[in-house]
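Number of protein chains: 2
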Amino acid sequence: MKNQINFPETFTRSDFFSGIDEHEVSAIIRSGHQVVFKSGSTLFRQGMPARKLYLVEKGRLKLSKLHRDGKEIIVRYINPGQITAAVAAFSEKELPATAQTVGSTEVIEWTRESILRIMGKYPRLAINMLHAALERLDDIQNRYLELTVERVEQRVARALLRIMKQSSHKTEEGIHIDFRLSRQNLADYTGTTLFTVSRILSDWERKGWISSGRERIAVTDPHALVTLAETG
Amino acid sequence: MKNQINFPETFTRSDFFSGIDEHEVSAIIRSGHQVVFKSGSTLFRQGMPARKLYLVEKGRLKLSKLHRDGKEIIVRYINPGQITAAVAAFSEKELPATAQTVGSTEVIEWTRESILRIMGKYPRLAINMLHAALERLDDIQNRYLELTVERVEQRVARALLRIMKQSSHKTEEGIHIDFRLSRQNLADYTGTTLFTVSRILSDWERKGWISSGRERIAVTDPHALVTLAETG
DNA sequence: CGCTCTATTGATAAACCTCAAATACAGTGG
DNA sequence: CCACTGTATTTGAGGTTTATCAATAGAGCG
């Protein structure tokens, strides 16, 4: 197995390993299993017992939550260098969300036993996980706030900007989102319907702020979106 | 006692200290400062640098977040045995929320230096904090989901049950919420307006499910609320 | 080149917010 | 104990946002 991680430019190093020695990191990584999933695979499913911790190396995971009535929300995207299913460290509790790959994706997985072992050896890992958890807590709390006080258009603008910051590349045409992102995905991420998202994107396209197609979005005027997100 | 409901995850005294020896706990507590606040005091304010970690002993904190346009949401209530401002453990980062006492409240506070010192001595504390953070993450994610897919009435029912589970006492009249809880508070907690909450509570009162007054609510038919929350 | 999945657009309706005005309540100081 | 005052609450009317439903068009794939 390759004991080296190739993070994309935005993630020079995993926060999960911050404060830990280069070669210690290699050892930790070697203690896990590297697995490659093709696009659309399900890594774990909401409600199943948590058994493994995952670190994304390449690609992306879509963390989503399903409601009783069948509606889905996207909790967040897990990008390279980030971990998920931290709850696996504690018990075989039910997983609170479902993880699916978006595009082909490489992850490293550890069983709970390994996590506990390496956390015993490197207590710093618990701190790093705590740190990450607090950041996600802040993130979701902000989105919760936005959801209650902002209009849909503003939330979609924020969502698109957020995703753009984490996973995009520039071309002559604009800033392209790196992965397939449907109207439905954006709706699930912002708590609205695909119809409303479609109308909003059509409107933005008419205004020349974005350029989009089937499951594909490129932002051509980020500033306009920022203004919309900030001022409502 | 047939009218009783089994709630999941019953509240235990201090999760923060779980797995730590009785007299070690005393030592840790002695290393902090006990402070008593009267009702309505502000312990810390959103945007200020985080300097202290707080453990609530008696009373309650209301954690809220303010939006640019002045609207407020209640992130959660911090009950006895729970900690808050865990972010203080890491840096003087900006606090993501504001904490105010609800009723007179006793807390124990530690400075960041003390937290780091005692976490060095008792690594278990980092694990416990992580555990708590993950539970809150799950809680807010669930509320986020509910916010997008459920109607207001259903969310208010859930909120009332959640609060009841954590802070209530029984009387002949019903299950009383232990602290002053206004329509506005419930609205801020569920992401709606005080008018809508008022209408809903009036309706429930007509149906005999609750009995309420100024900043006071008692649930007389919890089962009805559970049914409403579960089935929509 | 048809098949399937995604996106667009229009019409309609429901849920909920906003604003206004009246009423109830708790605490306070005489 | 009572009137007073500042909040909290109730209720109605009207408007807005956004969801829902239906029908059509477009894109990509084998």
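In order, the protein sequences belong to chains X and D.
Start counting the first sequence at 1; every next residue gets the next number (this note's numbering).
Start counting the second sequence at 1001; every next residue gets the next number (this note's numbering).
The beta-carbon is built from N, C-alpha and C at its ideal position, and this holds for glycine as well.
Beta-carbon proximity of residue i to residue j, cut-off 9 Å
i: X/H176; j: X/A229; result: no
i: X/F179; j: X/T98; result: no
i: X/L161; j: X/L186; result: no
i: D/S1041; j: D/Q1082; result: no
i: X/R158; j: X/R76; result: no
i: X/I108; j: X/I29; result: yes
i: D/S1168; j: D/T1105; result: no
i: X/L181; j: X/I200; result: no
i: X/S31; j: X/I118; result: yes
i: X/I20; j: D/Y1144; result: no
i: X/R206; j: X/L194; result: no
i: X/G232; j: X/E172; result: no
i: D/R1155; j: D/T1190; result: yes
i: D/P1080; j: D/E1113; result: no
i: D/H1067; j: X/E153; result: no
i: D/A1192; j: X/T196; result: First, the amino acid is wrong: residue 1192 of chain D is Thr here, not Ala. Contact: no.
i: X/L55; j: X/S14; result: yes
i: X/L130; j: D/A1126; result: yes
i: X/A132; j: X/F16; result: yes
i: X/Y122; j: X/E22; result: no
Contacts around residue i, its chain only, beta-carbon distance under 6 Å, and the 5 residues preceding and following it disregarded
i: D/D1188; result: E1072, I1073 and I1074
i: D/V1102; result: R1060, K1062 and F1179
i: D/A1089; result: I1115
i: D/A1224; result: W1209
i: D/E1094; result: G1047
i: X/H33; result: E109
Chain X contact for residue i (CB, 9 Å cutoff)
i: D/M1119; result: yes
i: D/L1228; result: no
i: D/K1065; result: yes
i: D/F1090; result: yes
i: D/T1012; result: Residue placement at D/T1012 cannot be trusted, given a pLDDT of 45 that sits under 50; the coordinates are not used to answer.
Terminal residues of the beta strand (DSSP E) in which residue i lies
i: X/H33; result: H33 to F37
i: X/V219; result: R216 to V219
i: X/V75; result: E72 to I78
i: X/F44; result: T42 to F44
i: D/Q1100; result: T1098 to T1101
9 Å Cβ cutoff, residue i in contact with chain D
i: X/E146; result: yes
i: X/K71; result: yes
i: X/P96; result: yes
i: X/G191; result: yes
i: X/G174; result: no
i: X/N6; result: Unreliable positioning characterises X/N6 in this predicted model, as indicated by a pLDDT of 38, which lies under 50. The coordinate reading is nonetheless provided below. Cβ-Cβ to chain D under 9 Å: no for X/N6.
i: X/G232; result: yes
i: X/V75; result: yes
Sequence-distant residues of its chain with Cβ nearer than 7 Å to residue i (five each side left out)
i: X/G174; result: S211, A218, V219 and T220
i: X/S18; result: N128
i: X/T84; result: Y54, L61, L63, I78 and A99
Contacts that residue i makes with chain X (C-beta to C-beta distance below 8 Å)
i: D/P1123; result: P123 and A126
i: D/I1140; result: L137, I140, Q141 and Y144
Contact list for residue i against chain D, beta-carbon separation under 8 Å
i: X/M129; result: L1130
Residue i: contacting residues in chain D (beta-carbon distance under 7 Å)
i: X/V87; result: L1134
i: X/F195; result: Chain D residues near X/F195: none, gap ~15 Å exceeds 7 Å.
i: X/V149; result: H1067, D1069 and K1071
Within chain X, the residues that residue i reaches when beta carbons sit closer than 9 Å
i: D/G1019; result: Near D/G1019 there are no residues of chain X at all, since even the closest Cβ is about 12 Å away, more than 9 Å.
Limits of the alpha helix (DSSP H) - the one that residue i falls within
i: D/V1197; result: L1194 to R1206
i: X/R117; result: R112 to K121
i: D/R1136; result: R1124 to V1149
i: D/I1175; result: Where D/I1175 is concerned, there is no enclosing alpha helix (DSSP H), although the beta strand (DSSP E) it sits in stretches over G1174 to I1177.
i: X/R155; result: V152 to Q166
i: X/Q184; result: R183 to T190
i: D/R1030; result: E1022 to R1030
i: D/V1226; result: P1222 to T1231
Same chain, Cβ closer than 8 Å to residue i, five either side skipped, listed in chain order
i: X/P96; result: Q46, K65 and V87
i: X/P49; result: E92, K93, E94 and L95
i: X/E9; result: The predicted position of X/E9 is uncertain, since its pLDDT is 38 and thus under 50; no value can be drawn from it.
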